[in-house]
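For reference, the structure discussed in these notes is given below.
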Amino acid sequence: ELNKENVLGIDLGIDNLYTCVTNAGASFIIDGRKLKSINQYYNKTNAKLQSIKDKQKIEHTTLRQKRIARRRNNRINDYLSKAARIIINYCLNNDIGKVVLGHNEDFQRNSNIGSINNQNFVNISYGKLRDKLIYLCKLYGIEF
């Protein structure tokens, strides 16, 4: 049984995907630049394919666009799963029984931080991240 007095606080970000701190004072960061890089490559490649598609007057999404979108989604899903797993393993190893996530429902919808930053920010699925954490917390008896 994990100690419910020990708490891990998590703040979400772009360059630092998770910034985690415990009430014991220990902290760690999970890097988010990998996600930025995956999204940047996807956006660049998709823009090139979209340009070709527009010149050829093709209306529907092409197979190449679907393939790069599927690959991007798989890579992001893998990274988010691994990040959530790192947090849960940290909680289990350090007897932490409660996780608190700084999450605001509308913080992505109302973002206006420039077009490039918006593109980085909106492409990261913080909801998926939250759902993975909730699932793993329930699985291991950690309060969320």
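Positions in the sequence shown are counted from 1; adding 359 to them yields this note's numbering.
Note that CB positions come from ideal geometry on N, CA and C, so glycine has one too.
From a predicted model like this one, the values you see are computed outputs, not experimental measurements.
Contact check, residue i vs residue j, beta carbons under 8 Å
i              : j              : result
cysteine 496   : leucine 367    : no
asparagine 365 : glycine 456    : yes
glycine 372    : threonine 378  : yes
leucine 439    : leucine 488    : yes
arginine 434   : isoleucine 397 : yes
tyrosine 401   : arginine 431   : yes
aspartate 374  : arginine 392   : yes
lysine 416     : glutamate 502  : no
Pick from the options that is closest to residue i, judged by C-alpha positions
i                 : options                           : result
leucine 376       : Ala385, Ile389 and Asn453         : Ile389
threonine 404     : Ala442, Arg423 and Ile446         : Arg423
tyrosine 485      : Ile445, Leu394 and Asn362         : Leu394
isoleucine 447    : Leu492, Thr421, Gln415 and Thr420 : Leu492
leucine 460       : Asp490, Leu361 and His419         : Asp490
phenylalanine 387 : Ala406, Ile369, Asn402 and Thr421 : Ile369
valine 458        : Gln415, Lys416, Tyr494 and Ser410 : Tyr494
alanine 385       : Asn452, Ile483 and Asn482         : Asn452
Residues sharing a beta bridge with residue i, DSSP
i             : result
lysine 457    : Val366 and Glu502
aspartate 390 : Asn375
threonine 381 : Leu367
Nearest-angstrom Cβ-Cβ length linking residue i and residue j, presumed shorter than 8 Å
i           : j             : result
leucine 361 : aspartate 454 : 6 Å
Sequence-distant residues of its chain with Cβ nearer than 8 Å to residue i (five each side left out)
i             : result
histidine 462 : Leu371, Tyr485 and Arg489
leucine 408   : Thr421, Arg423, Gln424 and Ile427
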